[in-house]
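Scroll down for the structure; my scribbles are underneath it.
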Amino acid sequence: FPLFLLFTLFTLFTLFTLFTLFTVPAQADIIDDTIGNIQQAINDAYNPDRGRDYEDSRDDGWQREVSDDRRRQYDDRRRQFEDR
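Residue numbers (our numbering): 22 to 105.
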């Protein structure tokens, strides 16, 4: 009976050790990835134009539309003022 108990404890200890050895690196990888993502988010927040390639044409088009609208409003108001 004590030999069986010793064998069972040894087996449990071995399984626990193997489980611990395999889960710690996995947890470390998850933590490392999380830290990397946080660092990338901070870098993107402080340097939005660096390291990211995307098309700004939509932003430029929006600015042109607003600029055109403001120019039309100015011209309309100027004509109204001149008509008075």
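The C-beta atom is built at its ideal place from N, Cα and C for all residues, glycine as well. On a predicted model such as this, the values are computed, not experimentally measured, just so you know.
Problem set entry | For ASP96 and GLU86, the rounded distance between their alpha carbons | Position 65 of the sequence shown, counted from the start, is the residue given in the question as residue 86. Position 75 of the sequence shown, counted from the start, is the residue given in the question as residue 96. When rounded, the distance between both Cα atoms is 15 Å.
Problem set entry | Range of the contiguous alpha helix (DSSP H) that encloses ASN58 | Numbered from 1 along the sequence shown, position 37 holds the residue referred to as residue 58. Taken as a continuous stretch (DSSP letters only), the alpha helix (DSSP H) holding ASN58 covers 23-67.
Problem set entry | Three-state class that DSSP yields for ARG105 in the structure shown | Reading the sequence shown from its first residue, position 84 is the one you call residue 105. ARG105 falls in the coil class under three-state DSSP.
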